[in-house]
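Q: Take a look at this one; I'll ask things after.
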DNA sequence: AAAATAAAAGACTAAATTGTCCTTTAATAT
DNA sequence: ATATTAAAGGACAATTTAGTCTTTTATTTT
C-alpha cells in the first residue's frame, strides 16, 4: 500500500509526536526500538522529515527529534505521505496516471468514490488524532512480523 | 497505488476481454499499441496471466491472447491484483503488516472503512463490468503521459 | 578545553521492480 | 516440407527502493 519509507516515517513521526506532547525528545535509538525498524534507514527517513520542516532535531546529549504542538495539530497524514513518497498518491488515478483527470478512465468510475475517500482521509487525519489514540494505549507502532517474538 | 506490472496487466486483460467478447484474439503488438506499454515487459506479464489460467494463448499466425466468456464474467479485479502483485493487498493493514488483524493498529480505526471498501470493490468488480464500459467507448486504456502526444 | 553523545552527511551494498534482447517452440500458410 | 508468424523462455541491463557503514559536525557534560 505505502512504501516502507512511508510506513516507517509515519510510525516514527507518531512516536515523536507522542513524546513531544509529553515534553520529551525522542532519540534515534529509542525510535528504532519502539517502531522495530532498521536504524540506519530510519535515520535517513528522519533526516528527510527534518528537511521537510515536519520534525526538528538537536544533536548531542539530550538531543533527538521533536515536533511542535502547532505541527502536531496541523500536519495531516497527506503531508507525510507526500514528503516520503512523492506524488504517488496525489491526483493519480488508481489505475493509470496523471492524465486521468480529463480522460475518461474505465476504472475511474468504479474507484472514484474510494479514491476520494482515501485522499480525504489522508487530508483530514491530523497527527494529533493518531498520536492521542496511541497515548491512550489504543495502538502499537510495532508489528509482530517485523520484530522479535 | 498499484505496481506497473499490475496496472499494465489490468489494462491488457481488459483489452483482451473486449476483443474476446467480439470473437477476436488480441496479439501482443496490438495490446502494446492500445495500452501504450513496453512490449517485452508486457509479454512477461501476459505470460504470467496465462500461467495463472486467466488468459489463454495460441502461437503462430492468427494466434494471440484470449479469455473465455465464463472468466470474463467471473474473474474479479482482486484476482488480477493478486496474481500480479502477490498479497500486498490481501489482508494487510494499510500501514503495518499482517499482524494488524489481532494487534490494535492506531491507523486501523481510521482506515478500516476505506480498506474494506477498497477490497470490496476489488472483490466485486468483474472484468465484464469494466470491459463492457470500454466497449461502449466509455474509457481509454492508454494514458497520455505514457505514450506519444 | 576535552570527552562524550547524537544527529547530519555521503558513499556504498542488496534486493526488488521494471525493462530489454535473443533464442526456442508451436501453429499456420504457401 | 518450408517459410512465416507469434507466443514462450531465459538471460541480461537499468532503475528504484531498501538498507548499511563510516566520517563529520554540532551539542552538552565534566
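Chains as they are written, first to last, in our numbering: chain A, 1 to 149; chain B, 1001 to 1149. Idealized CB from N, CA, C, for every residue including glycine.
1. Which residues, in order along the stretch 1004-1033 of chain B, keep a beta-carbon less than 8 Å from a beta-carbon of chain A?
2. Apart from the five residues just before and just after residue 1144 (chain B), which ones in its own chain have a Cβ nearer than 8 Å to its Cβ?
3. Is the CB-CB distance between residue 1150 (chain B) and residue 1123 (chain B) below 7 Å?
4. Go through its chain and collect everything with a Cβ distance to residue 1125 (chain B)'s Cβ below 7 Å, but skip five positions before and after it.
5. For the stretch 1045-1072 of chain B, which residues have a beta carbon sitting closer than 9 Å to at least one beta carbon of chain A?
6. For the ligand HEM, is there any heavy atom lying closer than 6 Å to the beta carbon of residue 118 (chain A)?
7. Would a check of beta-carbon distances place residue 42 (chain A) closer than 7 Å to chain B?
8. Quick check: residue 1005 (chain B) and residue 1045 (chain B), are their CB atoms within less than 7 Å of each other?
9. Out of B:1079, B:1020, B:1043, B:1028, which one is the CA nearest neighbour of residue 1131 (chain B)?
10. Is residue 1079 (chain B) close to chain A? Criterion is C-beta to C-beta, closer than 7 Å.
11. Let me make sure I understand the geometry here. Which of B:1055, B:1018, B:1068 has the alpha-carbon closest to that of residue 1083 (chain B)?
12. What does residue 1117 (chain B) reach in chain A if we use C-beta pairs closer than 7 Å?
13. What separation, rounded to the nearest whole angstrom, lies between the Cα atoms of residue 69 (chain A) and residue 1003 (chain B)?
14. Please classify residue 1015 (chain B): is it buried, with 16 or more other beta-carbons within 10 angstroms of its beta-carbon, or exposed?
15. Run down chain B in chain order and give the residues with a C-beta less than 7 Å from the C-beta of residue 76 (chain A).
16. Considering only DSSP beta bridges, list what residue 1066 (chain B) is partnered with.
17. For residue 1126 (chain B), does the three-state DSSP call read helix, strand or coil?
18. On the criterion of 16 or more Cβ atoms from any shown chain inside 10 Å, does residue 81 (chain A) qualify as buried, or is it exposed?
19. Look up residue 25 (chain A) in the DSSP assignment and say whether it is helix, strand or coil.
20. Within 10 angstroms of its Cβ, does residue 22 (chain A) collect 16 or more other Cβ (buried), or is it exposed?
A: By the coordinates alone:
1. 1007, 1010, 1011, 1014
2. Bear in mind that the predicted position of residue 1144 (chain B) carries a pLDDT of just 49, short of 50, making it too unreliable to give a figure here.
3. There is no way to answer for residue 1150 (chain B), as the model of chain B reaches only from 1001 to 1149.
4. For residue 1125 (chain B), where only same-chain residues beyond five positions count, the Cβ hits under 7 Å are 1076, 1077.
5. none
6. Inclusion of the ligand HEM in the displayed structure is not the case, the ligand content being empty and no account of it being possible.
7. no
8. Against a cut-off of 7 Å, the Cβ pair of residue 1045 (chain B) and residue 1005 (chain B) comes out as a contact.
9. B:1020
10. Cβ-Cβ to chain A under 7 Å: no for residue 1079 (chain B).
11. Considering only alpha carbons, the answer is B:1055.
12. 114, 117
13. 37 Å
14. Taking a 10 Å sphere around the C-beta of residue 1015 (chain B), we find 16 or more other C-beta atoms and assign the residue as buried.
15. Here the premise fails: no neighbours, minimum Cβ distance about 12 Å.
16. B:1056
17. strand
18. buried
19. coil
20. exposed
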